[in-house]
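Per this note's numbering, the sequence shown runs over residues 1299 to 1459.
Scroll down for the structure; my scribbles are underneath it.
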Amino acid sequence: MILSKASEYAIRAVIYIALVGRKGYTPIREISNALDISFHFLTKIFQVLTEKEYLISYRGPRGGILLAKSASIISLYDIVVAIDGVELFQQCAIGLTGCGENKPCPIHERWGPIRDDIKNKLMSATITELVEKMKKDELRLADDNAHVNNWFQALKVLKSN
């Protein structure tokens, strides 16, 4: 995929935090286990998202992660840019410096509209929208690992009660 592994994990984790919908902090270990993401890699991702003020973190036995903003105003674009910067939406697809309208690369005319479309789709997709689709079983956050699926089924039962 076009997105870095860090961006992919960040998106999944933020959706998870919003999906769980706790009033308090969600433990990082819980998120790591539920999404089958390395705990240490996830803590580095959360550190960046905390610095960019998308998350609030709290250390200690009752610590964890909390959304710093409403999920309805956080877009996928916000998360990708927080993790990887805007370069994905500005760089040449084949890595040539100075590629642009004046000095286009061989695929510039084709890549530009695709890149812009990806950017627009990421900007228009909010975390709340994706959480709603998760609740309707239209999306999934993890590979089809038994422990992950069992956890999500248990979460659905808890949410319905």
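Where is the CB? At the ideal position from N, CA and C, for every residue including glycine.
Given the structure is predicted, the values throughout are model-derived calculations rather than measurements.
By the Cβ-count criterion, glycine 1362 is buried, with 16 or more other Cβ atoms from all chains shown falling within 10 Å of its own Cβ. A residue is called buried once 16 or more other Cβ atoms fall within 10 Å of its Cβ, and serine 1305 is buried on that count.
In this structure, alanine 1316 sits away from isoleucine 1377, with a CB-CB distance that is not shorter than 9 Å. Leucine 1365 is bridged by DSSP to Leu1353. No Cβ-Cβ contact shorter than 9 Å links isoleucine 1343 with alanine 1369. Rounded to whole angstroms, the gap between the alpha carbons of valine 1318 and glutamate 1349 is 22 Å. If the five residues before and after tyrosine 1314 are omitted, its C-beta is found closer than 7 Å to the C-beta atoms of Ile1329, Ala1332, Leu1333 and Leu1439, all from its own chain and listed in chain order. In its chain, beyond the 5 residues on either side, Val1312, Ile1315, Phe1344, Leu1347, Ile1363, Leu1364, Leu1365 and Ala1366 have a beta carbon closer than 8 Å to the beta carbon of leucine 1353.
According to DSSP, serine 1373 shares a beta bridge with Thr1424. By the neighbour-count criterion, in which a residue is buried when 16 or more other Cβ atoms sit within 10 angstroms of its Cβ, valine 1384 is exposed. Short of 8 Å from the beta carbon of serine 1336, and not among the five residues preceding or following it, lie these beta carbons of its own chain, in chain order: Ser1330. Boundaries cannot be given for alanine 1391, as no alpha helix (DSSP H) includes it and DSSP labels it neither H nor E. The beta carbon of valine 1429 sits closer than 7 Å to the beta carbons of Ile1313, Ala1316, Leu1317 and Ala1369 from its chain, once the five residues preceding and following it are set aside; these are given in chain order.
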